[in-house]
Amino acid sequence: MIERGKPTMVVSDNGSELTSNAILVWADQSRVARHYIAPGEPMQNAFIESFNGRLRDERMSC
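Here's what the structure looks like:
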């Protein structure tokens, strides 16, 4: 965060990694907006879906 500054929004699904109390408290205290992706709608976060696809491809070629 020192180099790039804090994010204005955190986008996540409803998975436990980004819905923990620690993340929610940090976001509130830091005034960082939260946006949740609707369940079953992975294309609402195309960036991570693209990353996951590339990661799968790399793992399969090893």
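Numbering-wise, the sequence shown is residues 0 to 61 according to numbering that gives the first Met the number 0. Even glycine gets a Cβ: it sits at the ideal position worked out from N, Cα and C. Note that the structure is a prediction, hence the values are computed from the model and not measured.
Just the C-alpha distance for A37 and R58, rounded to the nearest angstrom, thanks.
Within the sequence shown, residue 37 is the residue found at index 38, counting from 1. Within the sequence shown, residue 58 is the residue found at index 59, counting from 1. Roughly 28 Å separates the two Cα atoms.
Selection from G52, V31 and F46 that minimises the alpha carbon distance to G4
Translated into positions along the sequence shown, residue 4 becomes position 5. When each option's Cα is compared against that of G4, the closest is V31.
I'd like to know whether the C-beta atoms of N44 and V10 end up nearer to each other than 8 Å.
Along the sequence shown, read from residue 1 onward, the residue named residue 44 stands at position 45. Along the sequence shown, read from residue 1 onward, the residue named residue 10 stands at position 11. In contact: N44 and V10 (Cβ atoms closer than 8 Å).
Is V31 helix, strand or coil when you go by DSSP?
To locate residue 31, count along the sequence shown from 1; it is residue 32. Coil.
Quick check: the Cα distance between V24 and D12, rounded to an integer number of angstroms?
Working through the sequence shown from its first residue, we reach residue 24 at position 25. Working through the sequence shown from its first residue, we reach residue 12 at position 13. V24 and D12 have their C-alpha atoms roughly 17 Å apart.
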